[in-house]
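Numbering (our numbering), first residue to last: 77 to 499. In this text, a Cβ means the ideal position worked out from N, Cα and C, and glycines have one as well. Nothing here was measured: the structure is a model prediction, and the numbers come from that model. What follows is one structure encoded as structure tokens, with my remarks underneath.
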Ligand code: AMP
Ligand code: GLY
């Protein structure tokens, strides 16, 4: 089969590497990809949301299956676009329809679904510029800190957590008046949940589902979870506190009602589903849904899978996941993101990366990298994820630390404490 993966991050390198090892793969293409994916297949320099360009590639390269790595093409309706295209509608797309991708594309949609199907989540109220006053009254009832979420996609920046009530009201006004463009024309105000975060993953085919391993993501730039939020500085899987009793609760109280609820709404869910959870004194509560895998969670979750990825994706598209059995490496995976100094604020790109050939006992997944004059150079904030396996978090982390010391680029930075809070 010929497969096209859409995206260019660390997640897409993991998916491309795993896909390249599938028995039934003929040709693998990644659009636009990075220096790492170029070793797994052929990169094609188009944007994943340029559907006309995607269609052209599908035709010229006889694509059989598309795997969108990130949310943008899914929320924009790539599944519906392919299904409605007379020359492309035979192609399988391993992801949710535009309607189902609203789980991520609209926070209001996801909160309404959760309320209707009694899925545990934070109390909320959705407001627009017309009922700003009601929003302020709702904020008055809550206690600090206050959580404001842009309804639509805002490049991961649409959530504000504010300590001061007057500031929250002022930020709410700014958001309703275009702080995040159209994405914050509606704002979801939420109760703040206190606890430890966890990322849960499901693969669904519209009828059946498989629970994937869970992971914990480290979002802050600084050691001990300090400083600015990032796309993710590292991840761990499995997560010690997510024992069988807790994950059974997640499945019974969150996964099943979410998938059943969507089915009842007439929008069956296909593809990867990422559920961001807060463990509030042993009770899982949903913070958000994403209609794709997480990054950097993929670098530990998919890394631990022994299954043939193409078999899983075909089964997802054909409603046959009940015939697949998941095989997961029981060891612990830790990934550490090496980032450009200055990230998540200003940083430079284009620095040569050396030492990649000296890496031992870890797998390097590329994110913000590209090839320039046959050299691998930095091309983004999050540059490379170093994933290692071990009997426990400490031994896996040790391997990643040793290799992060060997890999060199100007102004490299990484956290040294990934997973340490879980010990
Ligand atoms: P999101 O963009 O929805 O992932 O939100 C970004 C981050 O904000 C989450 O990963 C949480 O750390 C935090 N967050 C979002 N909603 C809440 C909430 N209701 N209570 C506490 N923290 C939250
Ligand atoms: N690691 C968080 C995300 O992928 O959204």
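Item, Value
"Backbone CA spacing between residue 298 and residue 258 [nearest angstrom]", "32 Å"
"Contact between the stretch 438-453 and the stretch 109-123 (3+ Cβ pairs under 8 Å)", "yes"
"Which of helix, strand or coil DSSP assigns to residue 360", "strand"
"Residue 266 versus 244, 194 and 485, residue with shortest Cα-Cα distance", "244"
"Buried versus exposed, by CB contacts within 10 Å (16 or more), residue 232", "exposed"
"Where the beta strand (DSSP E) through residue 430 begins and ends", "Per DSSP, residue 430 belongs to no beta strand (DSSP E) and is neither H nor E."
"Whole-Å CB distance - residue 140 paired with residue 167, under 8 Å assumed", "6 Å"
"Residue 293 - containing beta strand (DSSP E), residue span", "285-293"
"Close-in-space but distant-in-sequence residues of the same chain around residue 175 (CB under 6 Å, 5 per side omitted)", "343"
"Delimiting residues of the beta strand (DSSP E) encompassing residue 141", "141-144"
"Residue 434 versus 478, 391 and 457, residue with shortest Cα-Cα distance", "478"
"Residue environment, residue 319, which counts as buried when at least 16 other CB atoms sit within 10 Å", "exposed"
"Check: residue 295 C-beta below 7 Å from any heavy atom of ligand 1", "yes"
"First through last residue of the beta strand (DSSP E) which encompasses residue 113", "Run containing residue 113: none; DSSP gives neither H nor E here."
"Paired residues, beta bridge with residue 138 - DSSP", "Looking at the DSSP assignment, residue 138 forms no beta bridge with any residue, so it has no partner."
"Residue 281, DSSP secondary structure in three states", "strand"
"Which of helix, strand or coil DSSP assigns to residue 329", "helix"
"Residue from 263, 210 and 143 whose Cα sits closest to the Cα of residue 387", "143"
"Residues sharing a beta bridge with residue 403, DSSP", "In the DSSP output, where bridge partners are listed per residue, residue 403 has none listed."
"Assumed close pair residue 260, residue 352 - CB separation to whole angstroms, cut-off 8 Å", "Not quite, the Cβ-Cβ distance comes to about 19 Å (not below 8 Å), so this is no contact."
"Residue 296 - DSSP class collapsed to helix/strand/coil", "strand"
"Cα-Cα separation, residue 253 to residue 308", "29 Å"
"Candidates 465, 393 and 480, of which the one nearest residue 376 by Cα", "465"
"Alpha-carbon spacing of residue 80 relative to residue 95, whole angstroms", "10 Å"
"Supposed close pair residue 291, residue 345 - CB separation, criterion 8 Å", "Rounded, the Cβ-Cβ distance is 20 Å, inconsistent with contact."
"Where the beta strand (DSSP E) containing residue 302 begins and where it ends", "302-305"
"Euclidean distance between Cα positions of residue 317 and residue 486", "37 Å"
"Whole runs of the alpha helix (DSSP H) within the stretch 227-259, excluding any shorter than 4 residues", "241-252"
"CA-to-CA distance, residue 106 to residue 92, given in whole angstroms", "7 Å"
"For residue 198, the three-state DSSP class (helix, strand or coil)", "coil"
"Straight-line Cα distance separating residue 410 from residue 429", "21 Å"
"Residues near residue 498 in its chain [Cβ-Cβ closer than 8 Å; skip 5 each side]", "292, 312, 315, 316, 317 and 469"
"Residue 498, enclosing beta strand (DSSP E) - first and last residue", "Segment: none, residue 498 is in no beta strand (DSSP E) and carries neither H nor E."
"Cβ-heavy atom distance, residue 203 to ligand 1, below 7 Å", "no"
"Burial state of residue 136, where buried means 16 or more other Cβ atoms lie within 10 Å", "exposed"
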